[in-house]
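Participant:
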Amino acid sequence: MVVTPIYTEHFVLTKMTAGDGDKYFRLSNNANVMKYVTGYSLTREESDDMLRSFLEEYGMDTYLGRYLIEDRFSGELVGAAKLDKVGSAIEIGYRVMEEYWGKGVATEIAKGLIRFSKNVLKAPDVIAFVNVNNLASIRVLEKAGMMNTELIEDLDEVKYRFNYSPKSTPLMKKVLYIILGLIALVLIAAFIMPKDYAVEREIVVNKPKAEVFEYLKSLKKQNDWSAWGRKDPKMVKTFSGTDGTVGFVSMWDGNDEVGKGEQEITKIDEGNRIDTQLRFLKPFESTSDAYMITEGIDSTSTRVRWGFTGKMPIPMNVMLPFLNMDESVGKDFQEGLTNLKGILEKQ
């Protein structure tokens with residue numbers, strides 16, 4: 001297996017060899033760099049022994065092991081890194097020369113190691129261990145998308161275990177906040193805005209009240225004068241029960257303009273009022289109460305009032321101002337009543 005270097009935007013990570021003793025000693029001879037490793041700077045002999053143990057742990061035919069971190073363009077030594085296997089997870093680690101601290105180097109390296117572990121090594125999990133007092137490294141791991149998942153108390157060290165947990169990008173967070181804000185506004189508006197709607201239109205028919213009422217009781221005849229009946233001449237109508245009595249149901253199934261639903265006579269105040277329930281099934285389900293009222297003006301003329309009422313559930317009620325039920329449905333009611341007047345006055 002050919003082990004190639006690992007690249008980040010500014011740095012290159014190359015597997016350590018026995019010939020890297022001088023470079024590794026530059027790193028391990030700094031007490032600050034080694035603070036959370038050994039707690040003190042190493043002598044050259046100690047540094048060489050540590051490097052030798054690293055090289056014996058993994059061979060050169062695997063990506064697991066220790067790496068030197070160098071500037072891609074200048075070749076300057078930047079630090080050291082590691083990829084170890086812990087169960088099924090890949091453990092990442094890094095040490096950075098003191099002169100590179102606070103410049104985002106460690107964060108770039110950590111992100112690069114995570115990306116390489118997931119994309120190339122196909123690690124199901126990427127982990128890291130950090131001393132509880134190493135606040136700088138804790139911040140680096142958090143910036144790299146890792147999450148503190150466990151406190152481990154060893155004999156010689158208390159440390160945290162971090163697991164890679166990718167977070168939403170700032171843009172995604174902003175989009176999410178905007179969406180949540182809009183949902184909140186809609187819900188607030190839904191609770192404030194009215195849920196009830198009502199539409200009514202009327203017309204005077206030059207026919208006696210009894211004759212007009214008898215005609216209106218028939219839901220079958222309604223198809224002859226209602227505006228919706230004329231919007232789809234091929235609409236399929238089926239019926240159940242005795243027309244003109246409570247419990248009679250008129251069902252329709254038409255084009256996209258009229259949809260599908262049923263109308264049931266629920267109450268009759270003989271000579272005065274007919275109440276029905278409209279149950280729409282398509283294009284969406286809803287229920288409304290409709291009524292027709294006849295009022296005798298004189299022996300030869302009758303005022304007919306046709307209307308319906310309903311309740312729009314939350315949060316759909318926010319659409320009521322935009323639907324403008326009174327105008328859109330009211331126009332169809334008026335058209336239907338005009339048709340009704342024409343039919344009755346010709347009889």
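Letter by letter, the sequence shown follows residues 1 to 347 of full-length UniProt numbering. For every residue, glycine included, the Cβ atom is placed at its ideal position computed from N, Cα and C. Note that the structure is predicted; figures quoted are calculated from it, not measured.
Can you list, in chain order, the residues of its chain whose CB lies under 8 Å from that of residue 169, leaving out five sequence neighbours each side?
Facilitator: In this prediction, residue 169 scores a pLDDT of 49, lower than 50, which makes its location untrustworthy; no coordinate-derived value is stated.
Participant: Determine whether the beta carbon atoms of residue 258 and residue 252 lie at a separation below 8 Å.
Facilitator: yes
Participant: Quick check on this structure: which residue in 10, 88, 345 and 57 has the alpha carbon closest to the alpha carbon of residue 70?
Facilitator: Ranking 10, 88, 345 and 57 by Cα distance to residue 70 puts 10 first.
Participant: To the nearest whole angstrom, what separates the beta carbons of residue 92 and residue 126, a pair I think is in contact under 8 Å?
Facilitator: 6 Å
Participant: Per the DSSP calculation, residue 81 is bridged to which residue(s)?
Facilitator: 67 and 94
Participant: Here's the rule I'm using: 16 or more other beta-carbon atoms within 10 Å means buried, otherwise exposed. How should residue 116 be labelled?
Facilitator: buried
Participant: Residues in its own chain within less than 7 Å of residue 140 by CB, not counting five upstream and five downstream?
Facilitator: Counting only Cβ-Cβ distances below 7 Å, and skipping sequence neighbours, we find 106, 107 and 110.
Participant: In the DSSP assignment, the beta strand (DSSP E) including residue 267 goes from what residue to what residue?
Facilitator: 260 to 269
Participant: Does the structure place the segment 230 to 239 close enough to the segment 202 to 209 that three or more beta carbon pairs sit under 8 Å?
Facilitator: no
Participant: On the three-state DSSP scale, how would you describe residue 284?
Facilitator: coil
Participant: For residue 31 and residue 55, which I take to be in contact (beta-carbon distance under 8 Å), what is that distance rounded to the nearest angstrom?
Facilitator: Their Cβ separation, rounded to whole angstroms, is 24 Å, which puts residue 31 and residue 55 out of contact at 8 Å.
Participant: Determine the DSSP secondary structure at residue 76, reduced to helix, strand or coil.
Facilitator: coil
Participant: According to DSSP, is residue 223 part of a helix, a strand, or is it coil?
Facilitator: helix
Participant: Is the separation between the beta-carbon of residue 164 and that of residue 148 shorter than 8 Å?
Facilitator: By the CB criterion at 8 Å, residue 164 and residue 148 fall outside the cutoff.
Participant: Grab the span of the alpha helix (DSSP H) containing residue 363 for me, first residue to last.
Facilitator: It is not possible to answer for residue 363, since the shown part of the chain is limited to 1 through 347.
Participant: Whole angstroms is fine: what's the gap from residue 66's alpha carbon to residue 52's?
Facilitator: Their Cα atoms are separated by approximately 11 Å.
Participant: Between residue 203 and residue 337, is the Cβ-Cβ spacing less than 8 Å?
Facilitator: yes
Participant: Excluding the 5 residues flanking residue 61 on each side, which residues of the same chain have their C-beta closer than 7 Å to its C-beta?
Facilitator: 1 and 3
Participant: In angstroms with no decimal places, state the Cα-to-Cα distance between residue 6 and residue 85.
Facilitator: 17 Å
Participant: Would you kindly work out how many angstroms separate the C-alpha atoms of residue 212 and residue 218, rounded to a whole number?
Facilitator: 11 Å
Participant: Count the other CB atoms within 10 Å of the CB of residue 152; is the residue buried (16 or more) or exposed (fewer)?
Facilitator: With fewer than 16 Cβ atoms within 10 Å of its Cβ, residue 152 is classed as exposed.
Participant: With distances taken from CA atoms, which of 114, 303 and 73 is nearest residue 143?
Facilitator: 114
Participant: Would you mind reading off the limits of the beta strand (DSSP E) that contains residue 253?
Facilitator: 249 to 253
Participant: Ignoring anything shorter than 4 residues or poking outside the segment 79 to 158, list the alpha helix (DSSP H) runs there in chain order.
Facilitator: 105 to 119 and 135 to 143
Participant: Please state if the CB of residue 79 and the CB of residue 27 are separated by a distance shorter than 8 Å.
Facilitator: yes
Participant: Per DSSP, what kind of secondary structure is residue 15 in: helix, strand or coil?
Facilitator: strand
Participant: Return the residue from the list 41, 49 and 34 that minimises the CA-CA distance to residue 20.
Facilitator: Just measuring C-alpha positions, the residue of 41, 49 and 34 sitting nearest residue 20 is 49.
Participant: Taking residue 2 as part of the alpha helix (DSSP H), name the residues at either end of that continuous run.
Facilitator: No alpha helix (DSSP H) contains residue 2, which DSSP labels as neither H nor E.
Participant: For residue 90, which of 73, 122 and 75 has the nearest alpha-carbon?
Facilitator: 122
Participant: Assign residue 263 to one of two classes, buried (16 or more other C-beta atoms within 10 Å of its C-beta) or exposed (fewer than that).
Facilitator: buried
Participant: I need the straight-line Cα distance from residue 157 to residue 35, nearest angstrom please.
Facilitator: 12 Å
Participant: Which two residues bound the contiguous alpha helix (DSSP H) that contains residue 236?
Facilitator: Unbroken run through residue 236 is the beta strand (DSSP E), 236 to 240; no alpha helix (DSSP H).
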